[in-house]
Structures are given as structure tokens and as C-alpha cells.
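With numbering that gives the first Met the number 0 applied, the sequence shown covers 0 to 132.
C-beta: ideal position from N, C-alpha, C; glycine also.
The structure presented is a predicted model; accordingly, all values stated were derived computationally and were not measured.
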Amino acid sequence: MGCIFCKIISKQIPAKIIQETSHSIAFLDAFPLVKGHTLIIPKNHHMKIQDLNHEENSDLFSLVHKVLSKVDKLTGSTLVAVHNGKDAGQEVPHVHVHLVPRAQGDSAGPIHTMFKTIKFSDSEIEEIYNKLK
Ligand code: 5GP
Ligand code: ZN
């Protein structure tokens with residue numbers, strides 16, 4: 000399979016690995032948005048978080064929790080992000096959690112700056128709420 004992250008796991012291509020567990024691995028992003036930009040991935044190839052089994056999911060997010068405590072010390076604030084699916088901006092189709100250190104005056108903003116402002120009617124909100132609850 001041509002997955003770049005699977006090749007990192009099998010050590011076919013090098014990466015700056017920070018920590019590894021039975022089901023997950025944390026390493027530096029090769030094209031960092033800022034210094035310390037880290038990725039945490041499951042060792043098994045899955046595209047989306049909901050494809051992980053319970054054990055893989057627990058292991059992944061417990062490694063996120065551990066590595067976050069180190070990354071967060073770099074600037075005191077961290078963006079934790081997952082692009083869960085192609086249309087969400089996922090370029091590598093293997094689950095990965097981004098840890099991106101944030102700082103005052105960096106070039107990024109709050110989540111609402113990612114989208115143009117759109118207003119929804121009460122009925123539209125009610126409809127989606129009924130689907131989700
Ligand atoms: P996405 O856009 O799918 O959310 O994020 C993919 C991330 O993988 C990007 O931040 C990109 O810089 C990183 N990336 C792509 N190829 C490689 C690689 O070969 N090695 C490492 N360490 N990171 C990579
Ligand atoms: Zn993969």
C-alpha cells in the first residue's frame with residue numbers, strides 16, 4: 000500500500016519519532032506549520048477515527064494526552080486537530096491527530112476564521128439536532 004504513514008510505521012521511511020506504544024506512534028510533522036508540530040497516529044491503517052476499534056482508540060488518545068503535556072509546554076497553548084475525511088481537509092488517508100503549538104500573534108485564529116459566516120434558521124438547527132441526539 001502506498002500510505003506514507005504506514006511506511007513510517009514500518010520504518011521504510013524515516014521520521015523523528017517522539018514516542019511509541021503498542022498501537023500508536025507520535026512523530027514530528029515533516030512540513031511543520033510551527034516548531035514542534037507533531038502527529039500522532041494509530042499503527043493500523045484506518046482512515047477515520049470511527050474506524051478504530053476501542054483499544055486502538057484508547058491507545059491513540061492516551062498517547063495524545065501524554066505527548067500533549069510535552070508539546071503544550073513549548074508555548075503554553077496547542078491546537079489539537081483531526082481532519083476526519085477528505086472533505087474535512089484530510090490529505091493523508093490514515094488517521095492522524097495534529098498537535099500544533101499556538102502563540103499570541105501567530106498567523107492562525109479561532110475556529111470561526113476557517114469558515115465564512117453563515118446564518119442558520121431555528122428549524123435547520125432543530126432538524127440537525129434531532130438527527131444527532
Ligand atoms: P492532513 O493535511 O492530512 O491533515 O495532514 C497530513 C500531514 O502530514 C501534513 O501536516 C504534512 O505536513 C504531514 N506529512 C506529509 N508527508 C509526511 C512525511 O513523509 N513525514 C512526516 N513526518 N509528515 C508528513
Ligand atoms: Zn496507512
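So, for residue i: in the same chain, excluding its five sequence neighbours on each side, which residues have a beta-carbon less than 7 Å away from its beta-carbon?
{"i": "L51", "result": "P41, H45, L59, V94"}
Once the 5 residues before and after residue i are set aside, which same chain residues still bring their CB inside 6 Å of it?
{"i": "I16", "result": "F26"}
{"i": "G88", "result": "H82"}
{"i": "G35", "result": "V70, L73, P100"}
Return the first residue and the last residue of the alpha helix (DSSP H) that residue i is part of.
{"i": "I7", "result": "3–8"}
{"i": "I124", "result": "121–131"}
So, are the CB atoms of residue i and residue j less than 8 Å apart?
{"i": "N79", "j": "V91", "result": "First, the residue type needs correcting, since residue 79 is Val and not Asn in the sequence shown. Taking 8 Å as the Cβ cut-off, V79 and V91 do not qualify as a contacting pair."}
{"i": "L62", "j": "S21", "result": "no"}
{"i": "K65", "j": "Q18", "result": "yes"}
{"i": "T37", "j": "L98", "result": "yes"}
Within the continuous beta strand (DSSP E) that includes residue i, where are the two ends?
{"i": "S23", "result": "23–27"}
{"i": "V33", "result": "Unbroken run through V33: none, as it is neither H nor E."}
{"i": "T74", "result": "T74 -> not in any beta strand (DSSP E); alpha helix (DSSP H) instead, spanning 53–74."}
Which same chain residues, not among the five before or five after residue i, have their C-beta less than 8 Å away from its C-beta?
{"i": "C2", "result": "H44, V91, P92, H93"}
Given this structure, state the Cα-to-Cα distance separating residue i from residue j, to the nearest angstrom.
{"i": "K118", "j": "A14", "result": "43 Å"}
{"i": "P109", "j": "E54", "result": "32 Å"}
{"i": "M113", "j": "A107", "result": "9 Å"}
{"i": "D105", "j": "Q49", "result": "32 Å"}
{"i": "V33", "j": "L67", "result": "15 Å"}
Open item on the list: I want to know whether the stretch 119–131 touches the stretch 73–90 - three or more CB-CB distances under 8 Å.
Closed with: no
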